[in-house]
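In this note's numbering, the protein residues as written are 3 to 173. Yeah, the Cβ is synthetic: ideal placement off N, Cα and C, and Gly gets one too. Note that the coordinates shown come from a computational prediction; the quantities given were computed from them, not determined experimentally.
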């Protein structure tokens, strides 16, 4: 069976993040591991800490990215963002793709945790597939409000094909 490819929407998102070789990155909701693969391919001395609430997501990410786990560039854990403990002021970038947490409810504790741990000048990148355009305004409004309330500066980017919306929250 051929190795899985990185979907264009994930490639676009990771390219937009401009991952640098020494970046310290958190991925929230690593799922099948495509984002982890795209990010780890850009790291040299940096590290990706990938989390997912789902045991199957963690297992799939580890299997797909075993070479990065073995190289020490990727750590994958089954954990919820609200209970995550990472060293303070250590993350350059946070990445999430299709993670509903940020727009379906108030998530002040999770946003505060990210604000505390992202270095000044770092950013949180939230990406959503925009296959259902009628949902996009609500996703952007709710996620942006949550991030603004948490002390981030927010901007929005959009790609038409494949349709993806990106919410970038700078610290």
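| Query | Result |
| --- | --- |
| Residue 81 CB to nearest heavy atom of the ligand SAH below 7 Å | Within the structure as shown, the ligand SAH is missing, as the structure has no ligands at all. |
| Beta bridge counterpart(s) of residue 127 as assigned by DSSP | 97 and 170 |
| Residue 7, buried or exposed, once every other Cβ within 10 Å from all chains shown has been counted against 16 | exposed |
| Residue 57 to residue 83 span [Cα, whole Å] | 14 Å |
| Three-state secondary structure (DSSP) of residue 155 | strand |
| Close-in-space but distant-in-sequence residues of the same chain around residue 51 (CB under 6 Å, 5 per side omitted) | 28 and 77 |
| Top-ranked residue by Cα proximity to residue 163, from 135, 32 and 141 | 135 |
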